[in-house]
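Trainee: Quick one: the structure is below, questions incoming.
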Amino acid sequence: GNHVKKGIKEGDVIVKVNDQDIKTPEDLKQVIKTKKIGEEISLLIFREDVYKTMRVTLAETPRE
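Just so we're aligned, residue 1 is where the sequence shown starts under full-length UniProt numbering, counting upward by one.
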């Protein structure tokens, strides 16, 4: 599947993806599933009492 990794830190809360509200991990999965690997998306995250916007590129989930 697709995943977002770069720039995300443990404890970050993803609030929006491309202006779509994210309320649960399932919401995030559903939105990410509709995107393509290599597609750039905009994230609004909440980190240490501060909202931050970042642009990230979707990568393929590494196989473990």
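Backbone N, C-alpha and C fix where the C-beta goes; we use that ideal spot for every residue, glycine too.
Can you have a look at Val17 and say buried or exposed, based on whether 16 or more other CB atoms are within 10 angstroms of its CB?
Mentor: By the neighbour-count definition (other C-beta atoms within 10 Å, threshold 16), Val17 is a buried residue.
Trainee: Whole angstroms is fine: what's the gap from Arg47's alpha carbon to Lys23's?
Mentor: 16 Å
Trainee: Quick one: what does DSSP say Ile32 is sitting in, helix, strand or coil?
Mentor: helix
Trainee: Let me know if residue 96 comes out buried or exposed under the rule of 16 or more other beta-carbons within 10 Å of its beta-carbon.
Mentor: No answer is possible for residue 96: it lies beyond the span of the chain, which begins at 1 and ends at 64.
Trainee: Grouping DSSP H, G and I as helix and E and B as strand, with all else coil, what is Asp19?
Mentor: If DSSP states are grouped into helix, strand and coil, Asp19 belongs with coil.
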